[in-house]
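First residue of the sequence shown: 539, per this note's numbering; consecutive thereafter.
For every residue, glycine included, the Cβ atom is placed at its ideal position computed from N, Cα and C.
Values in this document were obtained by computation on a predicted structure and should not be read as measured data.
Structure first, commentary second.
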Amino acid sequence: MVGVHERVKEIRDWYNSGRVERTLVALKNRGFGAEYVRTSEEAKKTILEMIPVNATIGFGGSLTLLQVGVLQALRDRGNPMITTVGAPPGPQIIEERRRALTSDVFLTGCNAIVEDGRLVNMDGTANRVASLVFGPKRVIVVAGINKIVPDLDSALWRVKHVAAPMNAKRLGYKTPCAETGVCSDCSSPERICNVISIVERRPSMSDITVVLIGEDLGL
Numbered sequence: 539m540v541g542v543h544e545r546v547k548e549i550r551d552w553y554n555s556g557r558v559e560r561t562l563v564a565l566k567n568r569g570f571g572a573e574y575v576r577t578s579e580e581a582k583k584t585i586l587e588m589i590p591v592n593a594t595i596g597f598g599g600s601l602t603l604l605q606v607g608v609l610q611a612l613r614d615r616g617n618p619m620i621t622t623v624g625a626p627p628g629p630q631i632i633e634e635r636r637r638a639l640t641s642d643v644f645l646t647g648c649n650a651i652v653e654d655g656r657l658v659n660m661d662g663t664a665n666r667v668a669s670l671v672f673g674p675k676r677v678i679v680v681a682g683i684n685k686i687v688p689d690l691d692s693a694l695w696r697v698k699h700v701a702a703p704m705n706a707k708r709l710g711y712k713t714p715c716a717e718t719g720v721c722s723d724c725s726s727p728e729r730i731c732n733v734i735s736i737v738e739r740r741p742s743m744s745d746i747t748v749v750l751i752g753e754d755l756g757l
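In structure tokens, the structure reads:
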């Protein structure tokens, strides 16, 4: 006899497999490359295989990518890195973000992926969404299945009311949402959602691949 936990997992896996399949088909129909892997370990292996060993890597500050461990793996094998992770505040951060626009491969997460294949992101300074759509020779977007949403309204709601408060809290920003967990459409200098980007289709001069992972990852 199947136990209740096994049965719940079976039903969730069935439900999520349908969401993933619809999303993969929609992403491909919109011109994106699209891959699905079950685990973070598989994702790391897949991403490493996509990237040449001499490619310069730009990084969009993704918690998902840190969880997957791909950045450390790229460092360990000698890929040149452009990243501000752990860097002290200062003008060099701005320069590194500009350099990321010219990277061979830009790695980033995604705040929400609509089942119809649209990518939705927020940004405080817009460097991440800029690199997503133009500049790097290749972009790899990595996201857990928790980022999949049914429609654009749900994506925009998720960006404002889920991703923004938790990321502002994580980064120690002085915003109302980092205190209350609720978006108040603030005017804080550290507002994390100054720019909201909706990528309807793959931009004509960009190479973008989305890697979906069958786990809940990131915020």
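Check                                                                                                                                                         : Outcome
Can you tell me whether DSSP reads V749 as helix, strand or coil?                                                                                             : strand
Check whether the Cβ atoms of Y574 and V591 sit closer than 8 Å, and answer yes or no.                                                                        : no
With a CB to CB cut of under 6 Å and the five nearest residues on each side skipped, what residues in its chain are close to K547?                            : none
Got a sec? Which residues, its chain only, sit under 6 Å from S600 by beta carbon, not counting five neighbours each side?                                    : T646 and G647
I need the straight-line Cα distance from Q630 to R637, nearest angstrom please.                                                                              : 10 Å
Kindly indicate which residue of F597, P627, S722 and K712 has the alpha-carbon position closest to the one of W695.                                          : S722
Could you check which residue in V749, N684, S742 and I632 has the C-alpha nearest to that of T663?                                                           : I632
Cβ of T713 within 7 Å of any heavy atom in the ligand GDP?                                                                                                    : Judged by which ligands are present, the structure shown has none, so any question about the ligand GDP falls away.
Determine, using beta-carbon pairs with one atom in the segment 665-678 and one in the segment 706-714, whether at least three such pairs fall under 8 Å.     : no
Who pairs with L657 in a beta bridge, going by DSSP?                                                                                                          : I651 and V737
Compare the beta carbon distance of M619 and I678 with 8 Å and say whether it is the shorter of the two.                                                      : no
Taking DSSP as the reference, what is the three-state secondary structure of I620?                                                                            : strand
Just reading off the alpha helix (DSSP H) that A701 is part of, what are its end residues?                                                                    : Element bounds for A701: n/a, residue is neither H nor E.
Counting only the same chain and skipping the five closest in sequence on each side, list residues whose C-beta sits under 6 Å from that of N684.             : D754
Would you call the segment 556-570 and the segment 599-615 in contact, with 3 or more CB pairs under 8 Å?                                                     : no
Applying the criterion that 16 or more other CB atoms from any shown protein chain within 10 Å of the CB defines a buried residue, is V623 buried or exposed? : exposed
What's the gap between the Cα of T577 and the Cα of N617?                                                                                                     : 23 Å
Leaving out the 5 sequence neighbours to the left and right, which residues in its chain are closer than 6 Å to A706 when beta-carbon positions are compared? : T713, C715, A716 and I730
Note down the Cα distance separating I549 from I734, rounded to an integer number of angstroms.                                                               : 34 Å
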